[in-house]
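Okay, so here's the structure we're looking at.
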Amino acid sequence: MSYTVRFKTALPADGHEEIARVLQQIAVAVSTISPSSPFWSSMEDSQLQIDVGRHRVVYKIDPLFRQVIVVEVSAK
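Just so you know, the numbering used here puts the end of the sequence shown at 1067, numbered straight through with nothing missing.
This is the structure:
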(Lines of atoms letter the chains of each structure in order from A and count residues from 1; the text may use other names and numbers.)
(Lines give C-alpha, C1' and ligand atoms only; values in the text may rest on other atoms or scores of the structure.)
Protein backbone atom coordinates (compact mmCIF):
# COMPACT_ATOMS: atom_id res chain seq x y z
CA MET A 1 0.00 0.00 0.00
CA SER A 2 1.41 3.35 -1.05
CA TYR A 3 1.80 6.37 1.15
CA THR A 4 -0.49 9.32 0.56
CA VAL A 5 0.66 12.91 0.17
CA ARG A 6 -0.87 15.52 2.47
CA PHE A 7 -0.33 19.23 1.94
CA LYS A 8 -0.35 21.39 5.07
CA THR A 9 0.46 24.44 2.96
CA ALA A 10 -0.74 25.86 -0.32
CA LEU A 11 1.20 25.04 -3.45
CA PRO A 12 2.34 27.83 -5.78
CA ALA A 13 0.40 28.21 -8.99
CA ASP A 14 3.59 28.07 -11.04
CA GLY A 15 4.72 24.62 -10.04
CA HIS A 16 1.94 22.81 -8.24
CA GLU A 17 1.64 19.98 -10.78
CA GLU A 18 5.37 19.21 -10.77
CA ILE A 19 5.59 19.42 -6.97
CA ALA A 20 2.60 17.10 -6.55
CA ARG A 21 4.09 14.63 -9.06
CA VAL A 22 7.49 14.55 -7.32
CA LEU A 23 5.94 14.08 -3.88
CA GLN A 24 3.77 11.25 -5.20
CA GLN A 25 6.93 9.57 -6.51
CA ILE A 26 8.48 9.92 -3.05
CA ALA A 27 5.34 8.42 -1.50
CA VAL A 28 5.60 5.38 -3.78
CA ALA A 29 9.32 4.98 -3.06
CA VAL A 30 9.02 5.07 0.75
CA SER A 31 6.23 2.50 0.64
CA THR A 32 8.85 -0.01 -0.56
CA ILE A 33 11.09 0.44 2.49
CA SER A 34 10.90 -2.39 5.01
CA PRO A 35 9.31 -1.45 8.34
CA SER A 36 12.41 -2.86 10.07
CA SER A 37 14.79 -0.59 8.14
CA PRO A 38 16.93 1.82 10.18
CA PHE A 39 15.65 4.49 7.80
CA TRP A 40 12.48 4.78 9.89
CA SER A 41 14.22 5.54 13.17
CA SER A 42 16.12 8.34 11.44
CA MET A 43 12.81 9.79 10.19
CA GLU A 44 11.18 10.15 13.61
CA ASP A 45 11.99 13.83 14.04
CA SER A 46 13.40 14.64 10.61
CA GLN A 47 12.21 17.14 8.11
CA LEU A 48 13.42 16.63 4.57
CA GLN A 49 13.70 19.02 1.69
CA ILE A 50 13.82 18.76 -2.05
CA ASP A 51 14.14 21.39 -4.73
CA VAL A 52 11.50 21.10 -7.44
CA GLY A 53 11.89 23.59 -10.24
CA ARG A 54 12.10 27.03 -8.66
CA HIS A 55 10.73 25.87 -5.30
CA ARG A 56 12.09 24.29 -2.13
CA VAL A 57 9.69 21.77 -0.60
CA VAL A 58 10.01 20.80 3.07
CA TYR A 59 8.26 17.60 4.09
CA LYS A 60 8.23 14.85 6.68
CA ILE A 61 7.28 11.22 6.56
CA ASP A 62 4.74 9.75 8.96
CA PRO A 63 5.02 5.94 8.88
CA LEU A 64 2.16 5.44 11.35
CA PHE A 65 -0.38 7.11 9.07
CA ARG A 66 1.57 6.27 5.90
CA GLN A 67 1.77 9.87 4.76
CA VAL A 68 4.26 12.21 3.18
CA ILE A 69 3.36 15.57 4.70
CA VAL A 70 4.36 18.78 2.94
CA VAL A 71 4.89 21.45 5.57
CA GLU A 72 6.41 24.31 3.58
CA VAL A 73 6.97 25.41 0.01
CA SER A 74 9.11 28.46 -0.74
CA ALA A 75 10.83 30.04 -3.71
CA LYS A 76 14.53 29.18 -4.03
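Each residue gets a CB set at the ideal place from its N, CA and C atoms; glycine is no exception.
Query	Result
Short of 7 Å in beta carbon distance, which residues of its chain neighbour D1053, apart from the five on each side in sequence? Order them along the chain.	I1060
Assign R1047 to one of three DSSP states: helix, strand, or coil.	strand
Using the three-state DSSP reduction, which class does E1035 fall into: helix, strand or coil?	coil
Return yes when the Cβ of Q1038 is within less than 7 Å of the Cβ of R997, no when it is not.	no
Assign A1018 to one of two classes, buried (16 or more other C-beta atoms within 10 Å of its C-beta) or exposed (fewer than that).	buried
Give a yes or no on contact between the region 994 to 1009 and the region 1026 to 1035, applying the rule of three or more CB pairs nearer than 8 Å.	no
Below 8 Å on the Cβ atoms is my contact criterion, and I expect A1011 with R1045 to pass it. Report the Cβ-Cβ distance as a whole number of Å.	That pair is no contact at about 15 Å.
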